[in-house]
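Asks: So that we are looking at the same thing, I have put the structure below in structure tokens.
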Amino acid sequence: MLELEHGFRVVDVATRLPPTDGSRAPQKRTITADRLEREMHQAGITRSIVFPPSRPGTSYLAPNNGVARRSVDRPFVAFARINGTETPGRKATGRLRNAVSRREDHHTSPGDVEKFAYDDRFHGFVLDPAADDYPDDDVIAALEDVGLPVIVRGSVDAPPQTLAETLLGSSFPVIVGRFGGHPLNRSLMTDMIDLLDEYDDCYLETSFVRYREQLERALLEHPDRVFFGSGAPACHPNVAVMEILTLDVSEDLLRRAFSKNACRVIDPLAPEAEP
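Okay, here's the thing in structure tokens:
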């Protein structure tokens, strides 16, 4: 695909870097770090946050280390994926499950959070609650102690109200992926935009948000709270960049969404952090 020429500095906060050990199912599309780097360059993306795909029921130690290793000497910023043991909601079954749940070896512990946070290869965390549940109070306390940003995949299985009850309002920045409404749930995206009025340290990323109305509304009403995310490799970054470029908003708002907002919250994305 031809390189895009758009004149904006673009950073990407939503990029999966799959493992290369053959552990992915045959029908799943995979991509090498070299090819991902080329596609980002074609799209004019200068820095990308990368993290492993979700793998429920397994430890993320090896996948996280693999992502960090393949980020060296590339324009990638590694985030560590974490998991939890808690089921949200106030139903009796959920309360019972949480009361008897215990952290197992494959679950993220407070000690794991500290190790990742003080390892200079990692600069934040990623959580997919629909696949990996929610952190318990001790892990959330550890996340608050280290203060690094947490990217949370929002979806119909991890809706805005549940995220508000479990994670929003914590002392660390929370970046809600896909406007909190994957797949293509307009009402959940609208609810998530509404919640920005209540939570000052909550941000939204744009991957797989195909509706101009929600994208433009978020940028116009909350110009400092929207981060660009491509959703690569499932979505080609050229496509994701073009979706933002075609919005009916000012160039200043485009610059904020493409880089200025994320750089203010995630230091390694800033221009001065580039090698």
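The working numbering numbers the first residue of the sequence shown as 1185 and each following residue consecutively. For each residue, glycine too, the CB sits at the ideal point set by N, CA and C. The model shown is predicted, which means the values in this text are computed figures rather than measured ones.
#1: What's the gap between the Cα of Glu1187 and the Cα of Val1423?
#2: Can you name, in chain order, every residue of its own chain whose Cβ lies under 7 Å from the Cβ of Pro1333, other than the five neighbours on each side?
#3: Mind checking Pro1210: buried by the 16 CB within 10 Å criterion, or exposed?
#4: Quick check: what's the CA-CA separation for Pro1459 versus Asp1304?
#5: Short of 7 Å in beta carbon distance, which residues of its chain neighbour Asn1267, apart from the five on each side in sequence? Order them along the chain.
#6: Can you list, in chain order, the stretches of the beta strand (DSSP E) that have 3 or more residues and sit fully within the stretch 1316 to 1355?
#7: Applying the criterion that 16 or more other CB atoms from any shown protein chain within 10 Å of the CB defines a buried residue, is Ala1446 buried or exposed?
#8: Can you tell me which residues form a DSSP beta bridge with Ile1266?
#9: Can you tell me which residues form a DSSP beta bridge with Phe1363?
#10: Classify Ser1232 as helix, strand or coil using the three-state DSSP reduction.
#11: Suppose you measure from the CA of Thr1230 to the CA of Val1194; what does that come to, to the nearest Å?
#12: Output needed for Met1376: all residues of its chain with C-beta closer than 7 Å, excluding positions within five of it in sequence on either side, in chain order.
Replies: In short:
#1: Taking the sequence shown and counting its residues from 1, the one referred to as residue 1187 is at position 3. Taking the sequence shown and counting its residues from 1, the one referred to as residue 1423 is at position 239. In a straight line, the C-alpha of Glu1187 is about 11 Å away from that of Val1423.
#2: Working through the sequence shown from its first residue, we reach residue 1333 at position 149. Taken in chain order, the residues that qualify are Gly1308, Phe1356, Pro1357, Ile1359, Val1449, Ile1450.
#3: Locating residue 1210 in the sequence shown gives position 26, where the first residue counts as 1. Confidence is the limiting factor: at Pro1210 the pLDDT is only 44, short of 50, which leaves the residue's position unreliable and the question unanswerable from this model.
#4: Position 275 of the sequence shown, counting from 1, holds the residue named residue 1459. Position 120 of the sequence shown, counting from 1, holds the residue named residue 1304. Their Cα atoms are separated by approximately 15 Å.
#5: The count along the sequence shown starts at 1 and reaches residue 1267 at position 83. Taken in chain order, the residues that qualify are Tyr1244, His1291, Thr1292, Asp1316, Asp1317.
#6: 1334 to 1339
#7: Here residue 1446 refers to the residue found at position 262 when the sequence shown is read from its first residue. Label assigned to Ala1446: buried.
#8: The count along the sequence shown starts at 1 and reaches residue 1266 at position 82. Ile1266 pairs with nothing; no bridge assigned.
#9: For the purposes of this step, residue 1363 is taken as residue 179 along the sequence shown, with counting starting at 1. According to DSSP, Phe1363 bridges with nothing at all.
#10: Taking the first residue of the sequence shown as 1, we reach residue 1232 at position 48. The answer is strand: DSSP assigns Ser1232 an E or B state.
#11: Sequence index remark: in the sequence shown, residue 1230 carries index 46 (1-based). Sequence index remark: in the sequence shown, residue 1194 carries index 10 (1-based). Cα to Cα, the separation comes out at about 6 Å.
#12: Here residue 1376 refers to the residue found at position 192 when the sequence shown is read from its first residue. The residues are Gly1338, Pro1344, Val1360, Phe1363, Gly1364, Gly1365, Leu1388.
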